[in-house]
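S.K.: Below is a structure I'd like to ask you about.
2 protein chains.
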Amino acid sequence: MTVHNSHPEDEAVLCAEAGALRAFSIDVLSRAGADAATAEAATRAMMHGSCLGVDSHGIRLLAHYVAALKGGRVNPAPTLRLVREVGATAVLDAGHGHGALAAYTAMDHAVRLAGSHGTGAVAIRNSSHFGPAGAYALAAAERGLIGLATCNSDSFVSLHDGAERFHGTNPLAVAAPVAGGEPWLLDMATSAITYNRVQLHRSLGRPLDPGVAAAEDGSATTDPERASMLAPLGGPYGYKGAGLAGLSEILSAVLTGMRISPEILPMAGPDLSSPREMGAFVLAIDPGAFLPAEVFLAGMARYLAALRQSRPLPGARVLAPGDREWAERDRRMRDGIPIDPATAAAFVQLARTYGLTPPIPVSSVAEKQP
Amino acid sequence: MTVHNSHPEDEAVLCAEAGALRAFSIDVLSRAGADAATAEAATRAMMHGSCLGVDSHGIRLLAHYVAALKGGRVNPAPTLRLVREVGATAVLDAGHGHGALAAYTAMDHAVRLAGSHGTGAVAIRNSSHFGPAGAYALAAAERGLIGLATCNSDSFVSLHDGAERFHGTNPLAVAAPVAGGEPWLLDMATSAITYNRVQLHRSLGRPLDPGVAAAEDGSATTDPERASMLAPLGGPYGYKGAGLAGLSEILSAVLTGMRISPEILPMAGPDLSSPREMGAFVLAIDPGAFLPAEVFLAGMARYLAALRQSRPLPGARVLAPGDREWAERDRRMRDGIPIDPATAAAFVQLARTYGLTPPIPVSSVAEKQP
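First to last, the sequence lines map onto chains V and G.
So for the first sequence, the numbering used here puts the first residue at 17; every next one is plus one.
So for the second sequence, the numbering used here puts the first residue at 17; every next one is plus one.
Structure representation (structure tokens):
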């Protein structure tokens, strides 16, 4: 559907114009029927992806979300209800609303619970595609807490020694606050690679690394054209990635009573009218419950300084989780957010449908890298 | 120090005699000065390793623990104190005691906290080597809760793009209850492989998989003789494994105010007298806080049935986390616990020192596999 953002034909929206991109998204979602909270949350999550370089979960999803709202899969004006609250835990029923609204709301509750209990854990029911897991973990870290977010998703990853799709890419995201800097931010699929990478290697005509993808019959392949499912993280030790995907499954689906990955309707359709009944899970940990906040922050600083000073391989650089994303954010704020041609075309169509002016892409800059 | 248990010269203690092995361990630790709680907890953790096939953290550690107790590194009779308790969280000061005593005690508190708050999170201070992380996660699952345990350790794993040891093998363990069966149990190092595997490949003269280990200068190697550090999980995507190791670091060391991995004294010495000031972290989640326990258990059963029925690669079998370990436990209960020659020799020495009779190994059976 989309071309990877490193594609030379990509165009970019200058980040001085990121506000216009954001406004366009909110306008489109609103005119597609989304209530204000839904339009705001879905846009915030997509802008997280587009600003930090996680384009698979960026603004390219706008047209898909419109289709899901119009089709009835996603409730455009859901009532989110806390159906249960026990101590440091809660269950949020998202009313088949947008997954970003559900996840941001759940993390708000988790942060509130952590304020009185030291931690807050919120299980999300009746949700939908939630996009970039890192966005919700980050929402806790921005308030000084450690945040964790996970969500299972439709089958796309083989099991270790398995020959068919089973788990989704089931991301795990964790963020931790850093004094005077951007948060430590780990946002990882539990698959060996993302489907985006398969698409990138297809467009570059470059083989995949061994052990990261499989053909339709489950046999390992390095040919991106033959790759039809992803392998779990770990290569020959893929039971680790599959186990981490299982952790996501247990927290997102089993603890919420929602669908396990093989039961979730495919994201791309054709059915865009039935709610997907997805679960998700967020956790917030207040470091201040364990030790003085400044001691925690000093520890983070000491850890990150040691890590960044660790000896790199020749020509390489050692990075902490998030370093690459924050640098990409800075670059995009300067040079623009790349918009792939399919997304740019969808914007024109959406603008026509809703009587809006599409954000004007600027010619893409050359140094965009995957 | 030890030979991998698949070594043909291994001997075994029949599991009808596992009680004798356990009793020997408790007697040795007690005579080395450990109080009853320490001897019991350290033995329980080692027997977890020896029964489930995690021999690196099994009974082979007995002589090491005796040396640490005698040397003064580990306090043989510590006072464990809850120095802080806020809502669903607590901080346990382990008084430089044995890490297994600290971790089991912390998980007891976490389970108690989860009883009233839905979750319980306990940060452990002033601890030491805690052995098999899975043992403590399992302690929660045996009581119907989801358990998580992690601990950082002395530097042995390079960073992604790094050329020196930085993180420890920093395990993450999670366990979840299963009705009428053994718990789902994920116990994984965040390194690509364990050092045990390097030793195994050395003894077999077999090359390592690419991307799992590095030579002293940090360059990747498949030669087990040259391997002097491990790579983070993920091969070319090792930032994932390094990020997961970082999660362990943040929870175990930063949230506890303890040492980060590069600051921890090497396990093997030469200094066996200074406390290692290690932290660790455990979390217990009561599914019953989120939904009826029977719904959770039905969900686990549905998930595991789907997983085990997933199509395998030709000649392979799809397993859930823990399946291999529980099968190994059954095999060892039947055929015996393998005792490597170095450990058997250490037992004879310990028995002589403390006036005890060593457990009698039986000849090892042939089918032991790594």
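By construction, the Cβ of each residue, glycine as well, lies at the ideal position given by its N, Cα and C atoms.
1. Any idea if residue 209 (chain G) is buried or exposed, counting beta-carbon neighbours within 10 angstroms, 16 or more meaning buried?
2. From what residue to what residue does the alpha helix (DSSP H) around residue 439 (chain V) run?
3. Along the chain, where does the beta strand (DSSP E) that runs through residue 406 (chain V) open and close?
4. Under 8 Å, do residue 204 (chain V) and residue 256 (chain G) count as touching if we go by C-beta distance?
5. Quick check: what's the CA-CA separation for residue 96 (chain V) versus residue 47 (chain V)?
6. Go through the region 59-93 of chain G residue by residue and report every complete run of the beta strand (DSSP E) that reaches 3 residues or more, in order.
7. Alpha carbons only, please: which of V:158, V:206, V:275 is nearest the one belonging to residue 194 (chain V)?
8. Should residue 373 (chain V) go down as buried or exposed, given a rule of 16 or more other Cβ atoms within 10 Å for buried?
9. Please confirm if the region 306-321 of chain V is in contact with the region 342-356 of chain G, defined as three or more CB-CB distances below 8 Å between the two stretches.
10. Using a Cβ-Cβ cut-off of 8 Å, state whether residue 270 (chain G) counts as contacting chain V.
11. Tell me, please, which residues DSSP counts as bridged to residue 105 (chain G).
12. Check whether the region 150-166 of chain V touches the region 322-336 of chain G, taking contact to mean three or more Cβ pairs, one atom from each stretch, closer than 8 Å.
13. Which residue or residues does DSSP assign as beta-bridge partners of residue 163 (chain V)?
14. Would you say residue 223 (chain G) lies against chain B (beta-carbon separation less than 8 Å)?
15. My understanding is that residue 107 (chain G) touches residue 126 (chain G), with C-beta atoms under 8 Å, so please give their C-beta distance in whole angstroms.
16. Would you call the CB atoms of residue 238 (chain V) and residue 252 (chain V) closer than 8 Å?
17. Closest Cβ-Cβ distance between residue 303 (chain G) and chain V: below 8 Å?
18. Where DSSP assigns a beta bridge to residue 174 (chain G), which residues make up the other side?
19. Give the secondary structure of residue 198 (chain V) by DSSP, where H, G and I count as helix, E and B as strand, and everything else as coil.
20. Quick one: Cα of residue 162 (chain V) to Cα of residue 149 (chain G), how far?
21. Can you have a look at residue 275 (chain V) and say buried or exposed, based on whether 16 or more other CB atoms are within 10 angstroms of its CB?
22. Using the Cβ count rule (16 or more neighbours within 10 Å means buried), how would you classify residue 339 (chain G)?
23. Can you grab the Cα-Cα spacing for the pair residue 220 (chain G) / residue 271 (chain V), in whole Å?
24. Taking the continuous alpha helix (DSSP H) assigned at residue 357 (chain V), which residues delimit it?
25. Name the chain G residues whose beta carbon is nearer than 8 Å to that of residue 327 (chain V)?
26. Determine the burial state of residue 369 (chain G): buried for a count of at least 16 other Cβ atoms within 10 Å of its Cβ, exposed for fewer.
27. Let me confirm a value: residue 282 (chain G) is counted as buried when at least 16 other C-beta atoms fall within 10 Å, else exposed. Which label applies?
28. Within 10 angstroms of the Cβ of residue 376 (chain V), are there 16 or more other Cβ atoms? Answer buried if so, exposed if not.
29. At least one CB of chain V closer than 8 Å to the CB of residue 137 (chain G): is that the case?
30. Nearest-angstrom Cα distance between residue 72 (chain G) and residue 81 (chain G)?
31. Return no unless some Cβ of chain V is closer than 8 Å to the Cβ of residue 300 (chain G).
32. For a test of the three-state rule: what should DSSP assign to residue 143 (chain V), helix, strand or coil?
33. Within the 8 Å Cβ cut-off, does residue 22 (chain V) reach chain G?
34. Taking 8 Å as the threshold (beta carbon to beta carbon), is residue 200 (chain G) in contact with chain V?
35. Listed from N- to C-terminal order along the chain, which residues in the region 240-267 of chain G have their beta-carbon within a distance smaller than 9 Å of any beta-carbon of chain V?
36. Between the C-alpha atoms of residue 335 (chain G) and residue 254 (chain G), what's the straight-line distance to the nearest angstrom?
M.R.: Judging by the given coordinates:
1. So residue 209 (chain G) ends up on the buried side.
2. A query on residue 439 (chain V) cannot be resolved here, the shown segment of chain V reaching from 17 to 386 and no further.
3. Look at the range of chain V in this structure, 17 to 386, and you will see that residue 406 (chain V) is not part of it.
4. In this structure, the beta-carbon distance from residue 204 (chain V) to residue 256 (chain G) falls below 8 Å.
5. C-alpha separation (whole angstroms): 21 Å.
6. With a minimum length of 3 residues, there is no unbroken run of beta strand (DSSP E) contained wholly in the region 59-93 of chain G.
7. Comparing Cα positions, the closest option is V:158.
8. Classification for residue 373 (chain V): exposed.
9. The region 306-321 of chain V, when compared against the region 342-356 of chain G, does not touch it at the 8 Å Cβ threshold.
10. Yes, residue 270 (chain G) lies at the interface with chain V (some Cβ there is under 8 Å from its Cβ).
11. DSSP lists G:102, G:137 as the beta-bridge partner residues of residue 105 (chain G).
12. Contact fails: fewer than three Cβ-Cβ distances are below 8 Å.
13. Paired residues: V:191, V:300.
14. Note that chain B does not occur in the displayed structure, where the protein chains are V and G.
15. In this structure residue 107 (chain G) does not touch residue 126 (chain G) by the C-beta definition: roughly 12 Å separates them, more than the 8 Å allowed.
16. Against a cut-off of 8 Å, the Cβ pair of residue 252 (chain V) and residue 238 (chain V) comes out as no contact.
17. Yes, its Cβ sits closer than 8 Å to a Cβ of chain V.
18. Note: residue 174 (chain G) sits in a beta bridge opposite G:181.
19. In the three-state DSSP reduction, residue 198 (chain V) falls in the coil class, being neither helix nor strand.
20. Rounded to whole angstroms, residue 162 (chain V) to residue 149 (chain G) spans 22 Å at the Cα level.
21. Taking a 10 Å sphere around the C-beta of residue 275 (chain V), we find 16 or more other C-beta atoms and assign the residue as buried.
22. Counting Cβ neighbours within 10 Å, residue 339 (chain G) comes out buried, since at least 16 surround it.
23. Approximately 44 Å, taken between the alpha carbons.
24. 357-370 is the span of the alpha helix (DSSP H), which, as asked, contains residue 357 (chain V).
25. Listed along chain G, the residues sitting closer than 8 Å to residue 327 (chain V) by beta-carbon distance are 178, 179, 180, 234.
26. That one is exposed.
27. Classification for residue 282 (chain G): exposed.
28. Residue 376 (chain V) should be labelled exposed.
29. It does: the Cβ of residue 137 (chain G) has a partner Cβ on chain V nearer than 8 Å.
30. Going from the Cα of residue 72 (chain G) to the Cα of residue 81 (chain G) covers about 13 Å.
31. Residue 300 (chain G) does not count as touching chain V.
32. Reduced to three states, the DSSP call for residue 143 (chain V) is strand.
33. Summary for residue 22 (chain V): the model assigns pLDDT 41, below 50, so the residue's position carries little reliability; its value from the coordinates is reported in the next sentence. Answer no: the Cβ-Cβ gap between residue 22 (chain V) and chain G never drops below 8 Å.
34. Output row for residue 200 (chain G): interface = yes.
35. Within the region 240-267 of chain G, those residues whose Cβ lies closer than 9 Å to any Cβ of chain V are, in chain order, 249, 250, 251, 252, 253, 255, 256, 257, 258, 259, 260, 262, 263, 265, 266, 267.
36. Distance between the alpha carbons of residue 335 (chain G) and residue 254 (chain G): 24 Å.
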